[in-house]
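Let me begin by presenting the structure, written as structure tokens, before commenting on it.
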Amino acid sequence: MSKIHIPAIQANPSAELVAVCDLNESLRNTVPDVNFYTDYQEMLKKESLDCVHVCLPHNLHYPVTKVCVENGVHVFQEKPLSLNTKEGLALAKLEDEHHTKICVCFQNRCNESFELLQEIIASGQLGKMMGIKGLVTWYRPKEYYDVKPWRGKMEFAGGGVMINQALHTIDLIQLLGGEIDSIRGSIDQLLDYGIEVEDTASAHIKFKNGAKGLFFATNANAENSSVELEVSFEKGKFTIKDSVLTKINGDGKKEKLIEDAKMPGTKFYYGASHIKLINQFYSAIINNSENYVKVKDALTSMKMIDAIRQSSEEKRIIKMEELQHANS
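In this note's numbering, the protein residues as written are 16 to 343.
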């Protein structure tokens with residue numbers, strides 16, 4: 016992910032990239048003209064830093080962010096927020112105690128298609144929301160886990176397809192649907208990879224506004240297909256697929272409304288909104304504003320993953336209030 020973050024930092028006229036840190040010494044000359052460290056705590060002591068970007072395995076997000084925040088440094092943290100809800104709540108407490116900003120990298124919130132969809136929903140022009148569908152059908156070979164074994168272990172990854180590949184979709188579903196009443200979920204391993212984490216997950220979601228949600232994600236597809244997001248209303252529906260927002264009227268007529276900016280290369284499906292969110296966060300630091308994805312904003316997606324996992328294990332509907340009481 017640093018290959019996406021570093022160009023965004025360098026392109027921002029208000030920012031200066033002064034140091035990078037990695038355990039891998041061979042990366043020392045990857046970024047010219049900046050100081051290289053293999054110990055992030057040494058970097059924090061020797062450099063005068065306003066912001067640190069955390070692009071590390073999931074289990075390191077909390078401890079590294081904690082040290083940065085305790086040193087008064089703002090953090091732009093790659094998703095996921097944490098390994099689980101409990102750890103996410105600890106991050107929220109840290110942010111409050113130290114009055115330091117932590118931005119979670121949910122860059123798809125900044126996609127042009129999603130921003131316009133939010134505006135349309137807020138207008139109420141199509142009546143009551145009836146349902147939301149989110150589909151993530153991607154492909155990950157066994158080598159994906161073999162090259163970086165932490166990805167397949169619960170202790171280090173906190174999960175599989177939900178927390179790694181489909182987290183953005185889970186976040187957008189809850190952002191559109193609003194407060195969640197309950198979730199019935201199921202997780203499984205369709206691939207014989209010998210890993211601990213799930214490669215497939217599904218869930219039925221009930222929102223407090225009466226809308227229903229369907230979520231499905233897998234790494235067992237033959238290829239990386241486009242993420243699909245569909246929102247149905249009384250008077251029509253909208254879909255986001257292949258980075259295009261389409262309106263489908265009651266008579267079935269389709270109308271293309273807007274297309275997202277795309278990132279070049281083979282991983283175009285990441286979208287091009289990292290730069291938008293990074294710039295937005297830097298502006299929030301400079302102006303001391305609240306216009307960024309805060310820890311509390313990212314907590315709901317962690318609660319949803321915990322609920323889906325618990326529901327699958329116990330084979331029952333999980334009320335979201337149960338998670339709040341369990342982690343309080």
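Heads up, the beta-carbon is just placed ideally off N, CA and C, and yes, glycines get one too.
- Proximity winner among Leu206, Gln133, Pro95, relative to leucine 314 (alpha-carbon distances): With distances taken between Cα atoms, leucine 314 lies closest to Pro95.
- Query: For the candidate residues Glu31, Leu141, Phe129, whose alpha-carbon lies nearest to that of valine 49?
  - Reply: Looking at the Cα atoms, Glu31 is the closest of the given residues.
- Work out the CA separation of glutamate 170 and isoleucine 300 for me, nearest whole Å. Roughly 33 angstroms separates the two Cα atoms.
- Query: Buried or exposed: where does alanine 137 fall if 16 or more other Cβ atoms within 10 Å of its Cβ makes it buried?
  - Reply: Exposed.
- Message: Could you tell me the alpha carbon to alpha carbon distance between lysine 252 and leucine 141, rounded to whole angstroms?
- Response: If I take the Cα positions, the gap works out to 8 angstroms.
- Query: Pick from Ile195, Val246, Ala216, Asp196: whose alpha carbon is nearest that of glutamine 204?
  - Reply: Nearest of Ile195, Val246, Ala216, Asp196 to glutamine 204, Cα basis: Ala216.
- Message: For aspartate 275 and lysine 291, what's the separation of their Cα atoms in angstroms?
- Response: Each residue's CA atom was taken as its position, placing aspartate 275 and lysine 291 some 12 angstroms apart.
- Message: So, for cysteine 120: in the same chain, excluding its five sequence neighbours on each side, which residues have a beta-carbon less than 6 angstroms away from its beta-carbon?
- Response: Excluding its 5 nearest sequence neighbours in each direction, cysteine 120 has C-beta neighbours in its own chain below 6 angstroms: Glu93, Lys94, listed in chain order.
- Query: Where do the ends of the beta strand (DSSP E) carrying isoleucine 255 lie?
  - Reply: For isoleucine 255, the uninterrupted beta strand (DSSP E) segment begins and ends at 251-256.
- Range of the contiguous beta strand (DSSP E) that encloses lysine 262: Per DSSP, the unbroken beta strand (DSSP E) holding lysine 262 starts and ends at 259-264.
- Taking 9 angstroms as the cut-off, decide whether the C-beta atoms of valine 67 and phenylalanine 51 are in contact. Not closer than 9 angstroms, so no.
- Residues that DSSP places opposite leucine 229 in a beta bridge: Note: leucine 229 sits in a beta bridge opposite Lys148, His219.
- Item | Burial state of aspartate 161, where buried means 16 or more other Cβ atoms lie within 10 Å | Classification of aspartate 161: exposed, given that the 10 Å Cβ count is below 16.
- Count the other C-beta atoms from every protein chain shown that fall within 10 angstroms of the C-beta of threonine 100, then say buried if there are 16 or more, exposed otherwise. Looking at its Cβ environment, which holds 16 or more other Cβ atoms inside 10 Å, threonine 100 is buried.
- Item | Where glutamine 56 falls, given that 16 or more other Cβ within 10 Å makes a residue buried | By the neighbour-count rule (16 or more Cβ atoms within 10 Å), glutamine 56 is not buried but exposed.
- Message: In whole angstroms, give me the CA-to-CA distance for glycine 149 and arginine 124.
- Response: Approximately 14 angstroms, taken between the alpha carbons.
- Message: For lysine 249 and isoleucine 263, I'd like the C-alpha separation in whole angstroms.
- Response: Checking the displayed sequence, the identity of residue 249 turns out to be glutamate instead of lysine. Going by the C-alpha atoms only, they are around 12 angstroms apart.
- Cα-Cα, which of Leu64, Val176, Ser201, Ile188 is closest to tryptophan 153? Minimum Cα distance to tryptophan 153 is reached at Val176.
- If you drop the 5 nearest sequence neighbours on each side, which residues of the same chain put their C-beta closer than 6 angstroms to that of serine 63? So no residue of the chain qualifies.
- Taking buried to mean at least 16 other C-beta atoms within 10 Å of its own C-beta, is serine 327 buried or exposed? Burial state of serine 327 is buried, judged by a 10 Å Cβ sphere holding 16 or more other Cβ atoms.
- Sheet register partners of glutamine 92 (DSSP bridge): Answer by DSSP bridge pairing, in chain order: Val69, Val119.
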